[in-house]
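J.:
There are 2 protein chains.
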Amino acid sequence: MASITVQTSPSLALIKYWGKETQGINIPATGSLAVGLHDLRTKTTVTANPAASCDRVSVGGTEQPLHHFSTVIDALRERARASGRSDADTPLSIESGNSFPTAAGIASSSSGFAALTIALDAWWALDLPVAELSRIARTGSGSAARSVFGGFTRFRAGSESAEPVYDAEWWPELRVLVAITDTGPKTVGSRDGMERTRTSSPYYDAWVADARVLIEKAEHALADRSIERLGPLMRESYLRMVGSSIAASPPVLYWLPASVAVIRACDDLRGEGFVAWETMDAGPQVKILTTARDAETVKERIASVAGVQTILVSSVGGSPVVTRKDRDNGDSEA
Amino acid sequence: MASITVQTSPSLALIKYWGKETQGINIPATGSLAVGLHDLRTKTTVTANPAASCDRVSVGGTEQPLHHFSTVIDALRERARASGRSDADTPLSIESGNSFPTAAGIASSSSGFAALTIALDAWWALDLPVAELSRIARTGSGSAARSVFGGFTRFRAGSESAEPVYDAEWWPELRVLVAITDTGPKTVGSRDGMERTRTSSPYYDAWVADARVLIEKAEHALADRSIERLGPLMRESYLRMVGSSIAASPPVLYWLPASVAVIRACDDLRGEGFVAWETMDAGPQVKILTTARDAETVKERIASVAGVQTILVSSVGGSPVVTRKDRDNGDSEA
Chain A
5 MASITVQTSP
15 SLALIKYWGK
25 ETQGINIPAT
35 GSLAVGLHDL
45 RTKTTVTANP
55 AASCDRVSVG
65 GTEQPLHHFS
75 TVIDALRERA
85 RASGRSDADT
95 PLSIESGNSF
105 PTAAGIASSS
115 SGFAALTIAL
125 DAWWALDLPV
135 AELSRIARTG
145 SGSAARSVFG
155 GFTRFRAGSE
165 SAEPVYDAEW
175 WPELRVLVAI
185 TDTGPKTVGS
195 RDGMERTRTS
205 SPYYDAWVAD
215 ARVLIEKAEH
225 ALADRSIERL
235 GPLMRESYLR
245 MVGSSIAASP
255 PVLYWLPASV
265 AVIRACDDLR
275 GEGFVAWETM
285 DAGPQVKILT
295 TARDAETVKE
305 RIASVAGVQT
315 ILVSSVGGSP
325 VVTRKDRDNG
335 DSEA
Chain B
5 MASITVQTSP
15 SLALIKYWGK
25 ETQGINIPAT
35 GSLAVGLHDL
45 RTKTTVTANP
55 AASCDRVSVG
65 GTEQPLHHFS
75 TVIDALRERA
85 RASGRSDADT
95 PLSIESGNSF
105 PTAAGIASSS
115 SGFAALTIAL
125 DAWWALDLPV
135 AELSRIARTG
145 SGSAARSVFG
155 GFTRFRAGSE
165 SAEPVYDAEW
175 WPELRVLVAI
185 TDTGPKTVGS
195 RDGMERTRTS
205 SPYYDAWVAD
215 ARVLIEKAEH
225 ALADRSIERL
235 GPLMRESYLR
245 MVGSSIAASP
255 PVLYWLPASV
265 AVIRACDDLR
275 GEGFVAWETM
285 DAGPQVKILT
295 TARDAETVKE
305 RIASVAGVQT
315 ILVSSVGGSP
325 VVTRKDRDNG
335 DSEA
């Protein structure tokens, strides 16, 4: 094999994962329900780099500290060795890039670690079950456990891997807008934000307990494709996540003025009968769940909000695509 | 007596009252620690209006529904009757106004109900103990229980009245800036916001439990006049109040984009060594605790924040002032 290229999409949680179990790596304390953002792609290419003394990983052309990726690379290399692959210890060159602005603050770690996991599985022809890929991707980033699937996914509290719920065709009318705000001052990363919330927020236990109720209701709403029920549950989920974080000591606040402006604009849009249910993660960007019917109107209105720089629009889906390039023939997709 | 005029100041909670006991009227579920805003004044004048068929209350020249004031007026009139005042049932004209913009969203109900209570006590020469005035003012608005005192006050959880802690001279260097933002869409009043939080926020119990810890620490910080300790506790208090509210169903969110801009500007100012500890209540305005030394710099910087319309500056204090005007001689202050 000359190269393996894998494309994946970021996983957007409609019901939020926030907080880890103290045992294990990235075991979620709260269950999440998510969609893949089909039109936002991470592309990761693996090639052999036998002359190098160790693996090289670059993202968007910038070389990365290798230890960020070691749980995933080590786990898969270990299996390559166990299965007798003679190239298991050949150093690799791993180049990754995103189709969306890298400064977007979108969870590119979900698609990034998923792509890495799938690419190495293909590179060493391990053919691991996708649940196992999810488990391995999780050790790089919790949400990556969901990105190895496309469509609608669930990641249960306390689980080692995520699971598919429906494919993209379940609800093809859905659209997700990502409103990219001005970048703010450097804030706390999601890993540290979660940890500070867990250890110092008086609301953490209630957040975890309540999340169990929310996700169950949201699963029913998704089963019924009811945006009228799913939307308010999405809002409650992210606002309770925010509520638990700003209650930490010191407080963790990801919002910028433009974040609030977008939240209020969504409220106005809903008041006018449009579908516009916002959610947020560990950053100032706002993601909006809408429909094919309303996407253009919502996009126009949100684009006019002060502090919004760019809006990305995506349908739901985002199943991984693997492309193998052999030395002697062209591409093949699987 | 021809008229009684009482001036009071709004009470700003540094540690927040948010949530009521289910028994009684406005019995706070969380203790609060507050300062009077000396340079913001509510002035309320009581005169006899014997030709009228009932009392008349106006605020800023606009006549108000009488039932808003009935708990306070009825309680004091009852005592006037009990003490044999022949004018107990004479209808009154009660005119109130604020020295600060009425649309400011500052807790003018605290100073308003305190002024009303003190004015009627003086009008009927009841000479009730101030703790009793606090108890009566509370039935109009919880925070009014604090405004009948000046300086630093405390209102314990579960109490019927507030109590003075220190007078203004305890910490005269303190200043409070009130950053008045654009007025936003009409949101939920504090009474409804508290109630929705109590009945639907999964964080309410934790909020109430945690508030006990916070106020105790804050009392020590105030006793030591330590802004380095009081400031972070203030932030934790209001952000936990906000966290409990946005977790309600449906969420209660008072912030505007400018609110977040001011919060971030305070963060920047603190990073540069200035004293600027913000707090918020049931509205988009941001109040900032600073010192005489830093007030001018903080004011300039906050004035340049997009969406900030006006900034009011106040020292701490705000003891009530009663002015009696007799029919045949001039004013006398007591």
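In order, the protein sequences belong to chains A and B. Per my numbering, the first sequence starts with residue 5, numbered consecutively. Per my numbering, the second sequence starts with residue 5, numbered consecutively. Glycine included, every Cβ here is placed at the ideal spot set by N, Cα and C. Just so you know, these numbers come straight off a predicted model, no measurement behind them.
State buried or exposed for B/R158, treating a residue as buried only when at least 16 other CB atoms are found within 10 Å of its CB.
T.: buried
J.: Which residue wins for smallest C-alpha separation from B/L18, given the options B/K303, B/R331, B/E240 and B/T327?
T.: B/E240
J.: For B/W259 and chain C, any beta-carbon pair shorter than 8 Å?
T.: This model lacks chain C altogether; the protein chains it does include are A and B.
J.: Between the beta-carbon of B/V152 and the beta-carbon of B/A118, is there less than 8 Å?
T.: yes
J.: Using a Cβ cut-off of 8 Å, which residues of the segment 214-237 of chain A contact any Cβ in chain B, in chain order?
T.: D214 and P236
J.: From the DSSP output, in three-state form, read off A/S319 for me.
T.: strand
J.: For B/I29, which of helix, strand or coil comes out of DSSP?
T.: coil
J.: From the DSSP output, in three-state form, read off A/K303 for me.
T.: Three-state result, A/K303: helix.
J.: Please give the ranges of any beta strand (DSSP E) in the segment 155-210 of chain A, keeping only runs that are unbroken, at least 3 residues long and fully inside the region.
T.: 156-159, 167-170 and 178-185
J.: Below 8 Å on the Cβ atoms is my contact criterion, and I expect A/Y242 with B/A210 to pass it. Report the Cβ-Cβ distance as a whole number of Å.
T.: The Cβ separation is near 19 Å, so there is no contact.
J.: Please identify the residue among A/I98, A/L234, A/S163 and A/S13 whose C-alpha is closest to the C-alpha of A/L41.
T.: Closest option to A/L41, Cα to Cα, is A/S13.
J.: Does chain B have any CB closer than 8 Å to the CB of A/R240?
T.: It should be noted that the sequence gives Glu, not Arg, for residue 240 of chain A. Judged by the 8 Å Cβ criterion, A/E240 is in contact with chain B.
J.: What first and last residue would you give for the alpha helix (DSSP H) that runs through B/R60?
T.: Careful: B/R60 lies outside any alpha helix (DSSP H), inside the beta strand (DSSP E) at R60 to V63.
J.: Given that B/I184 touches chain A, what residues does it touch there, using C-beta distances under 7 Å?
T.: Residues of chain A with a Cβ closer than 7 Å to the Cβ of B/I184 do not exist, since the nearest Cβ in that chain sits about 16 Å away.
J.: Within 10 angstroms of its Cβ, does B/C270 collect 16 or more other Cβ (buried), or is it exposed?
T.: buried
J.: Note down, in chain order, every chain B residue with its Cβ under 7 Å from the Cβ of A/A84.
T.: Near A/A84 there are no residues of chain B at all, since even the closest Cβ is about 46 Å away, more than 7 Å.
J.: Kindly indicate which three-state DSSP category B/G247 falls into: helix, strand or coil?
T.: helix
J.: Under the rule that 16 or more other beta-carbon atoms within 10 Å means buried, what is A/V320, buried or exposed?
T.: Its Cβ being crowded by 16 or more others within 10 Å, A/V320 is buried.
J.: Checking contacts by CB at 8 Å: is B/Y207 closer than that to chain A?
T.: yes
J.: Hey, A/T51 and A/S90: beta-carbon distance below 8 Å or not?
T.: no
J.: Just to confirm my understanding: we take A/A265, look at its own chain, exclude 5 residues before and 5 after, and list those with CB closer than 8 Å. What are they?
T.: V309, A310, G311 and V312
J.: Classify B/T94 as helix, strand or coil using the three-state DSSP reduction.
T.: coil
J.: I'd like to check one pair, B/G247 with A/A251: are the Cβ atoms closer than 8 Å?
T.: yes
J.: Quick check: the segment 137-151 of chain A against the segment 160-174 of chain A, are there 3 or more CB pairs under 8 Å?
T.: yes
J.: So is B/P14 in contact with chain A if we call contact Cβ pairs under 8 Å?
T.: With a threshold of 8 Å between beta carbons, B/P14 makes no contact with chain A.
J.: Return helix, strand or coil for B/A222, following the three-state DSSP convention.
T.: helix
J.: Give, in chain order, every residue of the segment 158-175 of chain B whose Cβ lies closer than 7 Å to some Cβ of chain A.
T.: Answer in chain order: no residues at all.
J.: Which first and last residues belong to the beta strand (DSSP E) in which A/E282 is found?
T.: W281 to M284
J.: In this structure, what does DSSP give as the bridge partners for A/S15?
T.: A/G40
J.: Mind checking whether A/S263 and A/V302 have CB atoms under 8 Å apart?
T.: no
J.: For A/S253, which residues in chain B fall below 7 Å Cβ to Cβ?
T.: In chain order: E240.
J.: Is A/D186 near the ligand NAP - that is, is its Cβ less than 7 Å away from at least one heavy atom of it?
T.: As for the ligand NAP, it is missing from this structure, which has no ligand bound.
J.: Consider the Cβ of A/L247: report whether some Cβ of chain B lies at a distance smaller than 8 Å.
T.: Residue identity check: residue 247 of chain A is Gly in the sequence provided, not Leu. It does; some Cβ of chain B falls within 8 Å.
J.: Apart from the five residues on each side of it in sequence, which residues of its chain come closer than 6 Å, Cβ to Cβ, to A/Q11?
T.: Cβ-Cβ distances below 6 Å link A/Q11 to R45, K47 and V325 in the same chain, with the five nearest sequence neighbours on each side left out; the list follows chain order.
J.: So, is the C-beta of A/L243 closer than 8 Å to a C-beta in chain B?
T.: yes
J.: So what's A/I34 in DSSP terms, helix, strand or just coil?
T.: The amino acid occupying residue 34 of chain A in the given sequence is Thr; Ile does not appear at that position. For A/T34, the three-state secondary structure derived from DSSP is coil.
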